[in-house]
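Beneath this line is the structure, given in structure tokens, with notes to follow.
Protein chains: 2
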Amino acid sequence: MSDSTRVSYASLRDFICVAFEKTGLPQGDALTMASLMAEADLQGSDGHGVIRLIPYIRRFKAGAVNLTPNIKVVQERAAMALIDGDNGMGHLVMKRATELAIEKARTAGVAWVGSVHSNHAGPASLYARMPLAHDMLGLYFAVGNANHLPAWGGLSMLLSTNPIACAIPANQEVPVVLDMATTVASFGKVKAKAQRGEMMPEGWMVERDGRPLLDPKRADEGFLLPVGGYKGYGLSLIIGLLAGTLNGAAMGRDVVDFNHDDTTPTNTGQAIVAIDPAAFGDVADFKARVDTVVRDLRASERMPGVERIWVPGEQSHQKRIDYTTNGIPVPPALKANLDKLAADLGIPALA
Amino acid sequence: MSDSTRVSYASLRDFICVAFEKTGLPQGDALTMASLMAEADLQGSDGHGVIRLIPYIRRFKAGAVNLTPNIKVVQERAAMALIDGDNGMGHLVMKRATELAIEKARTAGVAWVGSVHSNHAGPASLYARMPLAHDMLGLYFAVGNANHLPAWGGLSMLLSTNPIACAIPANQEVPVVLDMATTVASFGKVKAKAQRGEMMPEGWMVERDGRPLLDPKRADEGFLLPVGGYKGYGLSLIIGLLAGTLNGAAMGRDVVDFNHDDTTPTNTGQAIVAIDPAAFGDVADFKARVDTVVRDLRASERMPGVERIWVPGEQSHQKRIDYTTNGIPVPPALKANLDKLAADLGIPALA
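Chains as they are written, first to last, in the working numbering: chain A, 1 to 351; chain B, 352 to 702.
Now the structure itself:
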């Protein structure tokens, strides 16, 4: 990363925003998308930030995404809603869904909002984190946008890396934020290894005969392994059923591989749950209890060679502080691609 | 298992019920507990059924559990409730919690009910499955009753095998039911290996210096490994925060090891979420979509040597059919212990 350009959050957001406006996204939506994508990079989710700008624009231009969607609530109860994204970008759909879940949770205590006809929305933690600003907990499930995982023992790639994210507020400590794919490695990590010319460790992928696949350039010849073997297969399946099938969104054979298909709408499904701890008891007491758990874990006796215990969310938090102060790193290859995009669109380069 | 006694569900339930009544549990509660424990065995969750009868009774006699609890709702909103179990058995608390979640979900669409001052409740899937009878989905989280898992990189055992279970109704197919500990193996499986005099496979447990621990008789000298490394650690932590800390129940250092402590109330926390698919759209359509996903997975091309693809819940379903027809197997060592219990209590032996 030492030869990476560093750019400020504001520069990155504004660059993305102008690129989207130039591509036909309405101004307000362009800014929402740009803010969330730059936020992804700011928290270190660099597989889901500006790196997606070019593929997103490619699909916009091919007509696979609706740039002026009529995002609307199509089903609603006291503690749930189903939002039809009208094939708009997932960031717009799930920001709306999360805001609605927070609003409903304030009254109902807990609320679950799902999406149908949505699209890729960036990192799961973006949405799980949103309730934190309201002293609420967030839980997010999504169907991934490419199937790289078969059933346990199978070869047909019917499942995706279907992620789960959860954010839990603390008092003086950083919130606990888990954001995990249900595969050992995400496909983004595999692509990053390929770009760096590195081999993958054993356990990430296997060949169709079950032997380890180590060369990330041959990723299309094998498949990802689920976390914990059949358990990760089960987790991916239930997340897909909760975030996709329940909402009438794509799951299994209907999932569109948005890396290899620029024209078919993905009908992506996601779900956000907001939980108001005020419904359960005193919020300050709850957050103090979270602090205690976090501190006990961090103060834990350590295995030989382990310098510190990390609680989920802390590493991302440290990146956020680093990148806010020193800028967000943009690797040279990505910078060159973004410069080319800027030239093509006739907009100022990212600086 | 070939030398196991086979007993009918009704015989097992009635035996457990009489044992509990004899120990001081009110008749109705004894029957509820017995039905749920025999149900656990019937579905093959043999680490959480009648095998727990003797340890439960040991804690009853030592005064660690309230045999006549006043189980009551202490917090309530349209889509949530918090139930204080008054230190009653978890089966009684969580059956009540699940019934309330189902009732609330019918109106609110989704409902989340947590417990505090509860106790061990048996297998997670028992409660996740209950909404199925109402064409609803169930999602269950619990704090385990003994800490066998440290933070990732740590040595202090501050976390449990905190399970997650999810049950999703299908149409002609068997419901999808996942029930998983967040560790590679549950501690029950380790104990079973020890009883059979077998070694554990590498990956279940490690010594305090990180080397594999293979001898289950030395289990107290090491700890369980989380599924997927740091991901399973994260999952166990968030499940513990959602099912324990949020409810004011024990988590982290406060978890009581009920295998080694017969007198301290556990203050166990659990959570059940009921989701009504009727709130999201047509239920028959939803269940047909689940059928499609299940059938596609089962029809998947298979890896060499794999005879069939299993969908979570199918193996348990097959056991239920086998055990309903042929009886529930009770291994000789367990049968001997139950015979001794019967003699001690002055009740007829299990037959």
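Using N, Cα and C, we set each Cβ at its ideal position, and we do this for glycine too.
Treat the numbers as computed from the prediction; the structure is a model and nothing was measured.
Inset, instruction - Return yes when the Cβ of A/Ile-275 is within less than 8 Å of the Cβ of A/Ala-105, no when it is not. - result: The sequence position of residue 105 of chain A within the first sequence is 105, counting from 1. The sequence position of residue 275 of chain A within the first sequence is 275, counting from 1. Closer than 8 Å, so yes.
Legend entry - Inter-residue CB distance, B/Asn-417 and B/Thr-617 (contact presumed, cutoff 8 Å): The residue labelled residue 417 of chain B in the question sits at position 66 within the second sequence. The residue labelled residue 617 of chain B in the question sits at position 266 within the second sequence. Distance from B/Asn-417 to B/Thr-617 at the Cβ level is roughly 11 Å; contact not present, criterion being Cβ atoms closer than 8 Å.
Inset, instruction - Go ahead and label A/Lys-72 buried or exposed: buried means 16 or more other beta carbons lie within 10 angstroms of its beta carbon, across all protein chains shown. - result: Residue 72 of chain A sits at position 72 when you count from the first residue of the first sequence. When all chains shown are included, A/Lys-72 counts as exposed.
Inset, instruction - Return the CA-CA distance between B/Ser-712 and B/Met-388, expressed in angstroms with no decimal places. - result: As displayed, chain B neither begins before 352 nor continues past 702, which places residue 712 of chain B out of reach and without an answer.
Inset, instruction - Decide if B/Pro-474 is buried, meaning its Cβ has at least 16 other Cβ atoms within 10 Å, or exposed. - result: What you label residue 474 of chain B is simply residue 123 of the second sequence in a count that begins at 1. B/Pro-474 sits buried, since 16 or more C-beta atoms from the chains shown fall within 10 Å of its C-beta.
Inset, instruction - Using the Cα positions of A/Pro-175 and A/Arg-308, report the straight-line distance between them to the nearest angstrom. - result: The residue you call residue 175 of chain A lines up with position 175 of the first sequence. The residue you call residue 308 of chain A lines up with position 308 of the first sequence. As the crow flies, the alpha-carbon of A/Pro-175 is around 18 Å from that of A/Arg-308.
Inset, instruction - Put B/Gln-378 into one of helix, strand or coil per three-state DSSP. - result: If you number the second sequence from 1, residue 378 of chain B lands on position 27. The three-state reading of DSSP puts B/Gln-378 in helix, counting H, G and I together.
Legend entry - With 16 other Cβ atoms within 10 Å as the buried cut-off, status of A/Arg-13: The count along the first sequence starts at 1 and reaches residue 13 of chain A at position 13. So A/Arg-13 counts as buried.
Legend entry - Residues of the region 182-194 of chain A whose Cβ lies closer than 8 Å to any Cβ of chain B, in chain order: Against chain B - using a Cβ distance shorter than 8 Å - the residues of the region 182-194 of chain A are Val-184.
Legend entry - Buried versus exposed call for B/Pro-552 [16 or more other C-beta atoms within 10 Å across all chains shown]: Taking the first residue of the second sequence as 1, we reach residue 552 of chain B at position 201. Using a 10 angstroms sphere on the CB of B/Pro-552, the tally of other CB atoms stays under 16, which defines it as exposed.
Inset, instruction - State the DSSP-derived secondary structure class of B/Phe-366, mapped to helix, strand or coil. - result: Counting from one through the second sequence, the residue named residue 366 of chain B turns up at place 15. It is helical.
Inset, instruction - State the CB to CB distance for the pair B/Gly-595 and B/Val-494, rounded to an integer number of angstroms; the pair is presumed to be in contact (CB under 8 Å). - result: Counting from one through the second sequence, the residue named residue 595 of chain B turns up at place 244. Counting from one through the second sequence, the residue named residue 494 of chain B turns up at place 143. The Cβ separation is near 4 Å, so the contact holds.
Legend entry - Proximity test, Cβ basis, 8 Å: A/Thr-161 and chain B: Your numbering for residue 161 of chain A matches position 161 in the first sequence. At least 8 Å separates the CB of A/Thr-161 from every CB of chain B.
Legend entry - Neighbour flag for B/Pro-683 against chain A, beta carbons, 8 Å: Indexing the second sequence from 1 puts residue 683 of chain B at position 332. False, the Cβ-Cβ gap to chain A never drops below 8 Å.
Inset, instruction - Please say whether A/Leu-155 and B/Arg-653 have beta carbons closer to each other than 8 Å? - result: To locate residue 653 of chain B, count along the second sequence from 1; it is residue 302. To locate residue 155 of chain A, count along the first sequence from 1; it is residue 155. It is a contact, given that the beta carbons lie within the stated cut-off.
Inset, instruction - Identify the continuous alpha helix (DSSP H) that holds A/Val-293 and give its terminal residues. - result: Here residue 293 of chain A refers to the residue found at position 293 of the first sequence. In this chain, the alpha helix (DSSP H) harbouring A/Val-293 covers 283-298.
Legend entry - Start-to-end residues for the beta strand (DSSP E) that takes in A/Val-330: As a working mapping, residue 330 of chain A is identified with position 330 in the first sequence. Residues 328-330.
Inset, instruction - Whole angstroms is fine: what's the gap from B/Gln-621's alpha carbon to A/Met-199's? - result: The count along the second sequence starts at 1 and reaches residue 621 of chain B at position 270. The count along the first sequence starts at 1 and reaches residue 199 of chain A at position 199. Rounded to the nearest whole angstrom, the C-alpha separation of B/Gln-621 and A/Met-199 is 43 Å.
Legend entry - Start-to-end residues for the alpha helix (DSSP H) that takes in B/Ser-466: If you number the second sequence from 1, residue 466 of chain B lands on position 115. From DSSP, B/Ser-466 is part of no alpha helix (DSSP H) but of the beta strand (DSSP E) over 461-467.
Inset, instruction - Look at the Cβ atom of A/Ser-115, then the Cβ atom of A/Ala-249, and state whether they are nearer than 8 Å. - result: Reading the first sequence from its first residue, position 115 is the one you call residue 115 of chain A. Reading the first sequence from its first residue, position 249 is the one you call residue 249 of chain A. For A/Ser-115 and A/Ala-249, yes; Cβs fall inside 8 Å.
Legend entry - Whether A/Leu-235 touches A/Val-206 by CB criterion (8 Å): As a first step, residue 235 of chain A must be located in the first sequence, where it is residue number 235. As a first step, residue 206 of chain A must be located in the first sequence, where it is residue number 206. Not in contact: A/Leu-235 and A/Val-206 (Cβ atoms no closer than 8 Å).
Legend entry - Collapsed DSSP secondary structure at B/Arg-357 in the structure displayed: Indexing the second sequence from 1 puts residue 357 of chain B at position 6. In the three-state scheme derived from DSSP, where H, G and I count as helix and E and B as strand, B/Arg-357 is classed as strand.
Inset, instruction - In angstroms with no decimal places, state the Cα-to-Cα distance between A/Trp-310 and B/Trp-503. - result: As a first step, residue 310 of chain A is located in the first sequence; it is residue number 310 there, counting from the start. As a first step, residue 503 of chain B is located in the second sequence; it is residue number 152 there, counting from the start. One Cα belongs to A/Trp-310, the other to B/Trp-503, and the distance between them is close to 8 Å.
Legend entry - Span of the beta strand (DSSP E), counted from its first residue to its last, around B/Val-424: Here residue 424 of chain B refers to the residue found at position 73 when the second sequence is read from its first residue. From DSSP, the beta strand (DSSP E) with B/Val-424 extends over 423-428.
Inset, instruction - Count the other C-beta atoms from every protein chain shown that fall within 10 angstroms of the C-beta of A/Ala-299, then say buried if there are 16 or more, exposed otherwise. - result: Taking the first sequence and counting its residues from 1, one reaches residue 299 of chain A at position 299. Exposed.
Inset, instruction - Mind listing the chain B neighbours of A/Phe-280? Cutoff is C-beta to C-beta under 7 Å, in chain order. - result: Here residue 280 of chain A is taken as the residue at index 280 of the first sequence, counted from 1. Neighbours of A/Phe-280 across chain B, judged by C-beta separation under 7 Å: Gln-426, Leu-433, Gly-465, Leu-597 and Asn-598.
Legend entry - Proximity winner among A/Val-290, A/Asp-84 and A/Gln-315, relative to A/Met-136 (alpha-carbon distances): For the purposes of this step, residue 136 of chain A is identified with residue 136 of the first sequence, where counting begins at 1. If we check each option's Cα against that of A/Met-136, A/Val-290 comes out closest.
Inset, instruction - Examine chain B for any beta-carbon lying closer than 8 Å to the beta-carbon of A/Cys-17, and answer yes or no. - result: Translated into positions along the first sequence, residue 17 of chain A becomes position 17. Not an interface residue.
Legend entry - Within chain A, the residues that B/Lys-582 reaches when beta carbons sit closer than 7 Å: Indexing the second sequence from 1 puts residue 582 of chain B at position 231. Result: Met-180 and Val-227.
Legend entry - Coarse secondary structure for B/Val-541, derived from DSSP in three states: Here residue 541 of chain B refers to the residue found at position 190 of the second sequence. The three-state secondary structure of B/Val-541, taken from DSSP, is helix.
Inset, instruction - Taking 8 Å as the threshold, find out whether the region 212-221 of chain A comes into contact with the region 171-186 of chain A through three or more Cβ pairs. - result: The region 212-221 of chain A, when compared against the region 171-186 of chain A, does not touch it at the 8 Å Cβ threshold.
Inset, instruction - Can you say whether A/Gly-63 is buried or exposed, counting buried as having 16 or more other CB atoms within 10 angstroms of its CB? - result: Within the first sequence, residue 63 of chain A is the residue found at index 63, counting from 1. With fewer than 16 other Cβ atoms from the protein chains shown falling within 10 Å of its own Cβ, A/Gly-63 counts as exposed.
Inset, instruction - Examine chain A for any beta-carbon lying closer than 8 Å to the beta-carbon of B/Phe-637, and answer yes or no. - result: Here the question's residue 637 of chain B lines up with position 286 in the second sequence. For B/Phe-637, the answer is yes, since a Cβ of chain A falls inside 8 Å of its Cβ.
Legend entry - Listed by chain order, chain A residues near B/Pro-655 by CB distance under 8 Å: Numbered from 1 along the second sequence, position 304 holds the residue referred to as residue 655 of chain B. The contacting residues are Asp-209 and Gly-210.
Inset, instruction - Verify the CB distance criterion: does B/Pro-474 have a CB-CB separation below 8 Å to chain C? - result: Absent here is chain C; the protein component of the structure consists of chains A and B.
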